[in-house]
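Following: one structure in C-alpha cells, then a few remarks.
Residue numbers (our numbering): 87 to 159.
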C-alpha cells in the first residue's frame with residue numbers, strides 16, 4: 087500500500103523527486119504537508135498548512151495551531 091503518492095517523497099529507504107524549475111508567483115497556492123509514518127507503516131499522520139503566495143511572500147490560510155500534536159494509540 088502506497089501511503090504517499092505525490093513526489094517529492096522522503097522515506098526510510100529513499101528520497102525521490104522529479105526535477106523541475108518553478109518560480110512561485112503571486113496568486114499561486116501551496117500545500118506543505120509532511121507525513122510522518124512509523125517505520126512499519128502502520129501509523130501515520132497527515133498534518134499541513136495551505137499558503138497563498140503574495141507579492142510580499144506567503145500568507146498561511148489554514149488556522150490549525152502549531153502546538154505539539156500528540157497522537158495516542
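C-beta atoms are modelled at their ideal positions from N, C-alpha and C, and glycine is treated no differently.
For residue i, the residue or residues it bridges with in DSSP
i, result
"residue 117", "136"
Coil, strand or helix - residue i by DSSP
i, result
"residue 128", "coil"
8 Å contact criterion, which residue i and residue j should meet: CB distance rounded
i, j, result
"residue 119", "residue 134", "3 Å"
"residue 137", "residue 146", "5 Å"
"residue 130", "residue 139", "That pair is no contact at about 28 Å."
"residue 121", "residue 132", "5 Å"
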